[in-house]
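Participant: Chains as they are written, first to last, in my numbering: chain A, 1 to 225; chain B, 1001 to 1225.
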DNA sequence: CGGACAATTGATTATGCTCAATACTGGTGG
DNA sequence: CCACCAGTATTGAGCATAATCAATTGTCCG
């Protein structure tokens, strides 16, 4: 990829959402909002699909655990190029900040619930485990971004999504093609073509754009080795 | 990049270095090898250039802090493609493992000294800080691998190296072109051509292959935004 | 000095991007 | 209920970037 002459879509303005996030943090404290012994602040917050949880550049506050739905973590360059760092599913933790500033956006890509923790109130061991999970997934994604071709990236992605939805017949994607592309370091066109090819080869079946049946998981596994 | 028909060089055999690492761990315990209060085991270990510290697939033991020299962390695919995850310089910590198994190789790319810590003996807060540093650098590298073109990747790399050697006139590279290529998700040829172009444009000056003077840091900064 | 490895340079190719047009989908209002 | 619209996805054609293949030069050690 070369630096684009024109912005993707009309590149989102990087704006602080400090007020927004502060509002959200106090809003809709759930059933478990009362404090329980030495546990973290179980402030359950609900975000509608598309809602911004925090912005790149915001002063960091809480860390969050997803309890339902899905969250997209993405970093935006000045010219509009975007890298999706991770999709966070239930059980996953996000919001670790560098020097007190969030270095990426966190947005709800489905209606979702998260639990906000004050980092100080979480046991250090829990924080460490969460940070290590993020680290390992970042490291394996570096492999995908650095050394796999488009077809292999899609195979990795589909297997990863399938693993997180074990039990379902079909993989339900909560993200758009643009999100997938920005996660895999590709363009929407390449993602679309790649999925089309996998379907033509009988490896997957697209019930709809967001619902994919994996018919030959072993073929995907062979692609990523 | 597409899956290579032939291995890079003659792809390194993935072999367990359990015996080797065990040996190394007990060898050459340095001056600070005695235990000091509640501190970690300050077992200082020296590795010669090229030495293997641990292998991908090894049962995990200690975590390590680099005190001198440089360490390359790399992940190898079955067909020989390699992704360098990080170059660890003095002060940096490596060796966090997933499910008790190291998921990458750690090798000395210069003569170097590391301090081996038993993870249990390190304060959780220190582990967390080390893990978060690795996470943040992995995240920013995902941006490089996913969304920057070859010239931008080189600019990012040179600026990063320069930052770690603040004070020097020239950036001294401890790694080969192949290492740089595998770190940046490029080929050696592209790295070489890219550096050549930067030199032709007067942005850098190659005193030797491993010694680069940055004449126009601002140009590099503008490239990465 | 010679040999092995590392780095550079050149020519060609292919993968994935860009630009462009078309099809599909879900939600809204007549 | 259906037409419409906007956003999303797919498909097509041509091109550019970086990979591949190949040859040469440079450098470090013994």
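By construction, the Cβ of each residue, glycine as well, lies at the ideal position given by its N, Cα and C atoms. Since the model is a prediction, treat every value here as computed from it, not as a measurement.
Excluding the 5 residues preceding and the 5 following residue 137 (chain A) in the sequence, name in chain order all residues of the same chain whose CB lies nearer than 7 Å to its CB.
Facilitator: One-based indexing of the first chain puts residue 137 (chain A) at position 137. For residue 137 (chain A), where only same-chain residues beyond five positions count, the Cβ hits under 7 Å are 86.
Participant: Rank A:54, A:92, A:123, A:70 by C-alpha distance to the C-alpha of residue 103 (chain A) and give the top, closest one.
Facilitator: Along the first chain, read from residue 1 onward, the residue named residue 103 (chain A) stands at position 103. Of A:54, A:92, A:123, A:70, the residue nearest in Cα terms is A:54.
Participant: State the start and end residues of the unbroken beta strand (DSSP E) segment that holds residue 53 (chain A).
Facilitator: As a first step, residue 53 (chain A) must be located in the first chain, where it is residue number 53. Its beta strand (DSSP E) spans residues 52 to 54.
Participant: Roughly how many whole angstroms lie between the Cα atoms of residue 1122 (chain B) and residue 1065 (chain B)?
Facilitator: Indexing the second chain from 1 puts residue 1122 (chain B) at position 122. Indexing the second chain from 1 puts residue 1065 (chain B) at position 65. Spanning the two alpha carbons is a distance of roughly 11 Å.
Participant: Can you name the start and end residues of the beta strand (DSSP E) that residue 1108 (chain B) belongs to?
Facilitator: For this step, residue 1108 (chain B) is matched to residue 108 along the second chain. Unbroken beta strand (DSSP E) run through residue 1108 (chain B): 1105 to 1108.
Participant: Counting Cβ pairs closer than 8 Å, one from the stretch 1162 to 1174 of chain B and one from the stretch 165 to 174 of chain A, do we hit at least three?
Facilitator: The stretch 1162 to 1174 of chain B, when compared against the stretch 165 to 174 of chain A, does not touch it at the 8 Å Cβ threshold.
Participant: What separation, rounded to the nearest whole angstrom, lies between the Cα atoms of residue 105 (chain A) and residue 1106 (chain B)?
Facilitator: Position 105 of the first chain, counted from the start, is the residue given in the question as residue 105 (chain A). Position 106 of the second chain, counted from the start, is the residue given in the question as residue 1106 (chain B). Whole-angstrom Cα-Cα distance: 32 Å.
Participant: Taking residue 1180 (chain B) as part of the alpha helix (DSSP H), name the residues at either end of that continuous run.
Facilitator: Here the question's residue 1180 (chain B) lines up with position 180 in the second chain. Start and end: 1177 to 1184.
Participant: Taking the alpha-carbon positions, what's the residue 1192 (chain B) to residue 1198 (chain B) distance?
Facilitator: If you number the second chain from 1, residue 1192 (chain B) lands on position 192. If you number the second chain from 1, residue 1198 (chain B) lands on position 198. Approximately 10 Å between the Cα atoms of the pair.
Participant: Would you mind sorting residue 1201 (chain B) into buried or exposed? The rule is 16 or more other CB atoms within 10 Å of its CB.
Facilitator: Counted from its first residue, the second chain places residue 1201 (chain B) at position 201. Answer is exposed; the Cβ neighbour count stays below 16.
Participant: Distance, Cα to Cα, residue 83 (chain A) vs residue 1067 (chain B)?
Facilitator: By one-based count along the first chain, residue 83 (chain A) stands at place 83. By one-based count along the second chain, residue 1067 (chain B) stands at place 67. Roughly 33 Å separates the two Cα atoms.
Participant: Locate the beta strand (DSSP E) running through residue 125 (chain A), then write down its first and last residues.
Facilitator: Along the first chain, one-based indexing puts residue 125 (chain A) at 125. No beta strand (DSSP E) contains residue 125 (chain A), which is instead part of the alpha helix (DSSP H) from 124 to 147.
Participant: Classify residue 152 (chain A): buried if its beta carbon has 16 or more other beta carbons within 10 angstroms, exposed otherwise.
Facilitator: Position 152 of the first chain, counted from the first residue, corresponds to residue 152 (chain A). Buried.
Participant: Once DSSP output is grouped into helix, strand and coil, what is the label at residue 1168 (chain B)?
Facilitator: As a first step, residue 1168 (chain B) is located in the second chain; it is residue number 168 there, counting from the start. Residue 1168 (chain B): coil per DSSP, three-state reduction.
Participant: Could you check what DSSP says for residue 192 (chain A) in three-state terms: helix, strand or coil?
Facilitator: Stepping through the first chain from its first residue, residue 192 (chain A) is reached at position 192. In this structure, residue 192 (chain A) counts as helix in the three-state DSSP scheme.
Participant: I want to see whether chain B comes within less than 8 Å of residue 105 (chain A), judged by CB atoms only; does it?
Facilitator: The residue you call residue 105 (chain A) lines up with position 105 of the first chain. So, not an interface residue.
Participant: Out of curiosity, what's the CA-to-CA distance linking residue 178 (chain A) and residue 155 (chain A)?
Facilitator: For the purposes of this step, residue 178 (chain A) is taken as the residue at position 178 of the first chain. For the purposes of this step, residue 155 (chain A) is taken as the residue at position 155 of the first chain. Using only the alpha carbons, I get a separation of about 17 Å.
Participant: Could you tell me if residue 63 (chain A) is buried or exposed, where buried requires 16 or more neighbouring beta carbons within 10 angstroms of its beta carbon?
Facilitator: One-based indexing of the first chain puts residue 63 (chain A) at position 63. Burial call: buried.
Participant: Quick one: list the residues of chain B neighbouring residue 253 (chain A), beta-carbon separation under 8 Å, in chain order.
Facilitator: As shown, chain A starts at 1 and ends at 225. That puts residue 253 (chain A) outside it, with no answer to give.
Participant: Output yes if chain B places a C-beta closer than 8 Å to the C-beta of residue 131 (chain A); else output no.
Facilitator: On the first chain, position 131 is the one that residue 131 (chain A) refers to. It does: the Cβ of residue 131 (chain A) has a partner Cβ on chain B nearer than 8 Å.
Participant: Which class does residue 213 (chain A) belong to by DSSP, given the choice of helix, strand or coil?
Facilitator: To locate residue 213 (chain A), count along the first chain from 1; it is residue 213. Three-state DSSP puts residue 213 (chain A) in a strand.
Participant: DSSP beta-bridge partners for residue 49 (chain A)?
Facilitator: As a working mapping, residue 49 (chain A) is identified with position 49 in the first chain. Residue 49 (chain A) pairs with nothing; no bridge assigned.
Participant: Helix, strand or coil for residue 203 (chain A) per DSSP?
Facilitator: Residue numbering aside, residue 203 (chain A) sits at position 203 when the first chain is read from its first letter. Coil, per DSSP.
Participant: Where does residue 1118 (chain B) fall in DSSP's three states?
Facilitator: One-based indexing of the second chain puts residue 1118 (chain B) at position 118. Note: residue 1118 (chain B) maps to coil in three-state DSSP.
Participant: For a cutoff of 8 Å on Cβ pairs, would you count residue 127 (chain A) as touching chain B?
Facilitator: Within the first chain, residue 127 (chain A) is the residue found at index 127, counting from 1. Yes, residue 127 (chain A) lies at the interface with chain B (some Cβ there is under 8 Å from its Cβ).
Participant: Would residue 1145 (chain B) pass as a contact of residue 185 (chain A) if the rule is Cβ separation under 8 Å?
Facilitator: Taking the first residue of the second chain as position 1, residue 1145 (chain B) is located at position 145. Taking the first residue of the first chain as position 1, residue 185 (chain A) is located at position 185. Result yes, Cβ atoms of residue 1145 (chain B) and residue 185 (chain A) sit closer than 8 Å.
Participant: For a cutoff of 8 Å on Cβ pairs, would you count residue 1054 (chain B) as touching chain A?
Facilitator: Along the second chain, one-based indexing puts residue 1054 (chain B) at 54. False, the Cβ-Cβ gap to chain A never drops below 8 Å.
Participant: With H, G and I counted as helix, E and B as strand and the rest as coil, what does DSSP make of residue 157 (chain A)?
Facilitator: Start at 1 with the first residue of the first chain, and residue 157 (chain A) comes out as number 157. Helix at residue 157 (chain A).
Participant: Would you report the Cα separation of residue 118 (chain A) and residue 124 (chain A), rounded to the nearest angstrom?
Facilitator: Mapped onto the first chain, residue 118 (chain A) falls at position 118. Mapped onto the first chain, residue 124 (chain A) falls at position 124. Straight-line Cα distance between these residues: approximately 12 Å.
Participant: According to DSSP, is residue 1221 (chain B) helix, strand or coil?
Facilitator: Within the second chain, the letter at position 221 stands for residue 1221 (chain B). Reduced to three states, the DSSP call for residue 1221 (chain B) is helix.
Participant: So residue 83 (chain A) contacts chain B; which residues on that side make the cut at Cβ distance below 8 Å?
Facilitator: Sequence index remark: in the first chain, residue 83 (chain A) carries index 83 (1-based). What residue 83 (chain A) touches in chain B: 1142, 1143, 1146, 1147.
Participant: Among B:1189, B:1174, B:1187, which one has its Cα closest to the Cα of residue 1208 (chain B)?
Facilitator: Reading the second chain from its first residue, position 208 is the one you call residue 1208 (chain B). The shortest Cα separation from residue 1208 (chain B) among B:1189, B:1174, B:1187 belongs to B:1174.
Participant: Taking 8 Å as the CB-CB cut-off, is residue 77 (chain A) touching chain B?
Facilitator: As a working mapping, residue 77 (chain A) is identified with position 77 in the first chain. Cβ-Cβ to chain B under 8 Å: yes for residue 77 (chain A).
Participant: Identify whether residue 78 (chain A) lies in helix, strand or coil by the three-state DSSP scheme.
Facilitator: Within the first chain, numbered from 1, the residue matching residue 78 (chain A) stands at position 78. Here residue 78 (chain A) sits in coil by DSSP.
Participant: Please name the residue, chosen from A:98, A:50, A:76, A:217, that lies closest to residue 166 (chain A) on a Cα-to-Cα basis.
Facilitator: In the first chain, the residue the question calls residue 166 (chain A) occupies position 166. Out of A:98, A:50, A:76, A:217, A:217 has the C-alpha closest to the C-alpha of residue 166 (chain A).
Participant: Go ahead and pull the three-state DSSP assignment for residue 173 (chain A).
Facilitator: Taking the first residue of the first chain as position 1, residue 173 (chain A) is located at position 173. Note: residue 173 (chain A) maps to coil in three-state DSSP.
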